[in-house]
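In what follows, a structure is listed as structure tokens, so that the remarks can point back to it.
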Amino acid sequence: MRVILMTGKGGVGKTSVAAATGLRCAELGYKTLVLSTDPAHSLADSFDLELGHEPVKVRPNLWGAELDALMELEGNWGAVKRYITQVLQARGLEGVQAEELAILPGMDEIFGLVRMKRHYDEGDFEILIIDSAPTGTALRLLSIPEVGGWYMRRFYKPLQGMSVALRPLVEPLFRPIAGFSLPDKEVMDAPYEFYEQIEQLEKVLTDNTKTSVRLVTNPEKMVIKESLRAHAYLSLYNVATDLVVANRIIPDEVTDPFFQRWKENQQIYKKEIHDNFHPLPVKEVPLYSEEMCGLAALERLKDTLYSGDEDPSKVYYQENTIKVVQDGRNYSLELYLPGIKKEQIQLNKTGDELNIRIGNHRRNLVLPQSLAALNPSGAKMDEDYLKIRFGDPVKV
Numbered sequence: 008m009r010v011i012l013m014t015g016k017g018g019v020g021k022t023s024v025a026a027a028t029g030l031r032c033a034e035l036g037y038k039t040l041v042l043s044t045d046p047a048h049s050l051a052d053s054f055d056l057e058l059g060h061e062p063v064k065v066r067p068n069l070w071g072a073e074l075d076a077l078m079e080l081e082g083n084w085g086a087v088k089r090y091i092t093q094v095l096q097a098r099g100l101e102g103v104q105a106e107e108l109a110i111l112p113g114m115d116e117i118f119g120l121v122r123m124k125r126h127y128d129e130g131d132f133e134i135l136i137i138d139s140a141p142t143g144t145a146l147r148l149l150s151i152p153e154v155g156g157w158y159m160r161r162f163y164k165p166l167q168g169m170s171v172a173l174r175p176l177v178e179p180l181f182r183p184i185a186g187f188s189l190p191d192k193e194v195m196d197a198p199y200e201f202y203e204q205i206e207q208l209e210k211v212l213t214d215n216t217k218t219s220v221r222l223v224t225n226p227e228k229m230v231i232k233e234s235l236r237a238h239a240y241l242s243l244y245n246v247a248t249d250l251v252v253a254n255r256i257i258p259d260e261v262t263d264p265f266f267q268r269w270k271e272n273q274q275i276y277k278k279e280i281h282d283n284f285h286p287l288p289v290k291e292v293p294l295y296s297e298e299m300c301g302l303a304a305l306e307r308l309k310d311t312l313y314s315g316d317e318d319p320s321k322v323y324y325q326e327n328t329i330k331v332v333q334d335g336r337n338y339s340l341e342l343y344l345p346g347i348k349k350e351q352i353q354l355n356k357t358g359d360e361l362n363i364r365i366g367n368h369r370r371n372l373v374l375p376q377s378l379a380a381l382n383p384s385g386a387k388m389d390e391d392y393l394k395i396r397f398g399d400p401v402k403v
């Protein structure tokens, strides 16, 4: 299955681009699903059709769906939700309040990953286009497999084993005092099974032959800056971007003096987009005189985006975000972090993990064995690559 994630700052038009891309893929004969994981769904509005949690046929070879986090929660997290509700009710909370608090913050983002994994496993579609949340939320979503793995390995797995062993001994004493039971095996197994699904999906997300991110941006200063940061952070998570869509460019035929300053600024920002994202290909889309709502409007957008026999399911640019380079006995780890200055990066090595922090984004990168046994000896930025040198062996 080919997976294409559309993301960008809120309001840049990523839903329209996702829907138009779905139309073109279906036109070429691919069984295509456009799935919205954005909590503020607008995919149904874009198609001007009623959509639900399960795929709805839009036209031949094309289906659309909008993630219902509550339905996904019940199917994947029901046992845990019921247990947390029981605990909260025992502490004096009313039924409705307890049920609401049992849904942990950020769960809708996690369920977006689980839903992607389900469609990938089922294989009912050839192309899955994700109309994802705005960039900040999408990046948190992509960090979940790694962050979750860190907690699971260090804390949850040992706790799970102790809970199963101690429950028969402690339960008779615990329940009369606390007013609720200790978690049973079903409750304790659910989070780890949940994590295992997400961990498997990470292999798909970081395979740049199967999965690509398409960044939708506008020729505006703040939007470009957020898009550049998103590109760097995606590279940090080893998720490849293969295309940039510069949307809502005022066309030349607009000659009203009111728009003259806008057009002059857009010329400057268009050049910035091409220069700053090079060598990624950039597609330019004009500002239309109508909103992109309904299949007729999306057809026009599709024809602008993809001309002739162009196939949007192809990989437009194969980005290598992480690589290990050997020079004699010396090694270096190279990470593609476009637009990031060295002073913005913090590095720390603990055991076989390299902690990389850029702003409020952090990644614990598990090092290959050849590097885990060595100490970092220096780092520099060189043509958008952070090159970390490794020297002397770690002293035991």
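So that you can map any letter, position 353 of the sequence shown is 360 in my numbering, and since no number is skipped, the others follow by simple counting. Idealized CB from N, CA, C, for every residue including glycine.
- Secondary structure of Gln333, DSSP reduced to three states: strand
- Query: Can you tell me the Cα-Cα spacing of Glu227 and Pro62, whole angstroms?
  - Reply: 35 Å
- Message: According to DSSP, simplified to helix, strand and coil, what is Ser296?
- Response: coil
- Proximity below 8 Å, CB of Lys277 to CB of Ala253: yes
- Measure the C-alpha to C-alpha separation of Leu372 and Ile363 and round it to an integer number of angstroms. 7 Å
- Query: Out of curiosity, what's the CA-to-CA distance linking Val223 and Asn382?
  - Reply: 39 Å
- Item | beta strand (DSSP E) segment containing His394, residue limits | For clarity, residue 394 is Lys in the given sequence; the question names His instead. Where Lys394 is concerned, the enclosing beta strand (DSSP E) stretches over 392-400.
- Message: Tell me the DSSP secondary structure of Glu209 in three-state form.
- Response: helix
- Query: Looking only at DSSP bridge pairs, what is Val289 linked to?
  - Reply: Val251
- Task: Just mark Lys238 as buried or exposed, buried being the case when its beta carbon has 16 or more other beta carbons within 10 Å.
- Result: Here the sequence assigns His to residue 238, which means Lys is not the residue at that position. Buried, because 16 or more other Cβ atoms sit within 10 Å of the Cβ of His238.
- C-alpha distance - Arg370 paired with Thr218, whole-angstrom precision: 20 Å
- Give me the Cα-Cα distance between Ile32 and Ala380, rounded to the nearest whole angstrom. In the sequence as presented, Ile is not what sits at residue 32; that position holds Cys. Cys32 and Ala380: Cα-Cα distance of roughly 47 Å.
- 8 Å CB neighbourhood of Pro400 in its chain, flanking five on each side removed: Ala380, Leu381, Asn382
- Using beta-carbon positions only, say whether Pro288 and Tyr323 come within less than 8 Å of one another. yes
- Item | Contact belief for Ile136 with Ile11 at Cβ below 8 Å, rounded distance in angstroms | 5 Å
- Message: Does the beta-carbon of Gln204, which I'm using as the reference point, lie nearer than 7 Å to any heavy atom of the ligand MN?
- Response: Of ligands this structure carries none, so the ligand MN is not represented either.
- Task: Leaving aside the five residues before and after Arg66 along the sequence, list all residues of the same chain whose C-beta is less than 7 Å from its C-beta, in chain order.
- Result: Ala33
- Message: Extract the residue ranges of the beta strand (DSSP E) inside the region 303-330, only unbroken runs of 3 or more that lie entirely within it.
- Response: none
- Query: With respect to the alpha helix (DSSP H) encompassing Ile275, which residues constitute its N-terminal and C-terminal limits?
  - Reply: 267-284
- How many angstroms separate the CA atom of Glu306 from the CA atom of Leu30? 7 Å
- Message: Whole angstroms are fine: how far does the CA of Leu243 sit from the CA of His368?
- Response: 9 Å
- If you drop the 5 nearest sequence neighbours on each side, which residues of the same chain put their C-beta closer than 6 Å to that of Cys300? Asp55
- Task: Less than 8 Å between the CB atoms is what I'm expecting for Glu326 and Tyr313, so what's the real figure, rounded?
- Result: Incorrect: roughly 21 Å between the Cβ atoms, too far for contact.
- Comparing alpha-carbon positions, which option in Pro264, Asp249, Asp128, Leu250 lies nearest Gln204? Asp128
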